[in-house]
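Chemist: Each residue of the sequence shown is one higher than the one before, starting from 5 at the first, in our numbering. C-beta: ideal position from N, C-alpha, C; glycine also.
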Amino acid sequence: MDTEKIIEAGKIAREVVAYAKSIIKSGMKLIEIADSIDAKILELGGKPAFPVNLSVDDVAAHSTPAWNDDSVASGLLKVDIGVHVDGWCADTAFTVDLESDEENKRLIEAAESALDLALEEVNKKSKLRGIGKKIEEGIKSKGFSPVVNLSGHSIDRYELHAGLTIPNVDNGNENEIGEGLFAIEPFTTNGIGKVKDGKPSGIYHLQSEGNVRDSFAREVLAYIKEEYNTLPFCSRWIYKKFSSRGMLALRQMKQSGILYEYPQLIEAEKGRVAQAEHTVLINKDGKKITTSL
Ligand code: MN
Ligand code: MN
């Protein structure tokens, strides 16, 4: 673990969150928000650890504008931002209410307070089920449901989801969280508390070493390996570099199993969803929330 780079990624993510909060307005094009956030991350010396997720209302996660997307910010907007420094990631999210809706505000407050409860409590001896229980009880006490099949995760170098799951409910897992880098991310909803797969998101990651016959697709693949390694990237970025031929190459590589395309995640009963997320480093010195002061 490179603590210095982890801390640096967290610091950049904090600044990008403050910047994002200052620019996002109802009616602003999502693509403009996404491009501005990408540019800010680079300006501050980081790289995006994944395409910023801008997910509205019942879309819980895995939504990012395509190159030709003209949808605008509205409703209950989740902004999930990833920054990496040499593969060491910070993963943080906030939610804004763009329609001055009382229930939206309470959903946001429930997600934020559940995250605070979990972060206050967590240490290397914490049982995973205990963290989940804190989050679950916090959310239910506000009259909402946690999304049971979305969870936090351990993070490794160039590996955003490194294997360990940090539940948003008491899932009975007696294992301790231990030392490492973790994202904790409660999702609250006024729906049933589950997400299902929606349409393809345009967010991909490299999933297998394969060969492509087409020489242009090979060039795109080499670029993906070089730029993103195994971290998620999006069609918008590939379009910028390779234009519409890049889109064809993505399709080919998805069909041959080299790339995995994430589906959007939609609340199963179309409930609205709010999210809060921070990254926390737990080591022998204790814990440090890298994405918060
Ligand atoms: Mn995230
Ligand atoms: Mn995460």
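Quick check on TYR243: does DSSP put it in helix, strand or coil?
Modeler: helix
Chemist: Buried or exposed, going by whether 16 or more other CB atoms sit within 10 Å of the CB of HIS103?
Modeler: One detail in the question is off: residue 103 reads as Glu in this sequence, not His. Exposed is the call here.
Chemist: Which residues does DSSP pair with ASN57 in a beta bridge?
Modeler: ASP84
Chemist: DSSP state of GLN256, grouped into three classes?
Modeler: helix
Chemist: Would VAL277 pass as a contact of ASP62 if the rule is Cβ separation under 8 Å?
Modeler: yes
Chemist: Excluding the 5 residues flanking ASP73 on each side, which residues of the same chain have their C-beta closer than 7 Å to its C-beta?
Modeler: Counting only residues of its own chain and dropping the five nearest sequence neighbours on each side, ASP73 has a CB closer than 7 Å to the CB of LEU34 and ILE35.
Chemist: Keeping to the same chain, check which residues put their C-beta closer than 8 Å to that of ARG110; ignore five residues upstream and five downstream.
Modeler: LYS146, GLY147 and PHE148
Chemist: With distances taken Cα to Cα, identify the nearest neighbour of THR192 among ASP218, SER219, PRO150 and CYS238.
Modeler: Each of ASP218, SER219, PRO150 and CYS238 was checked against the Cα of THR192, and the nearest Cα belongs to PRO150.
Chemist: Is DSSP giving GLY250 helix, strand or coil here?
Modeler: helix
Chemist: Look at the Cβ atom of LEU58, then the Cβ atom of LEU80, and state whether they are nearer than 8 Å.
Modeler: no
Chemist: Near SER40, which residues of its chain fall below 7 Å by C-beta distance, leaving aside the five closest residues on each side in sequence?
Modeler: Excluding positions up to five away in sequence, the list reads ILE27.
Chemist: Return yes when at least one heavy atom of ligand 2 lies under 7 Å from the C-beta of ASP95, else no.
Modeler: yes
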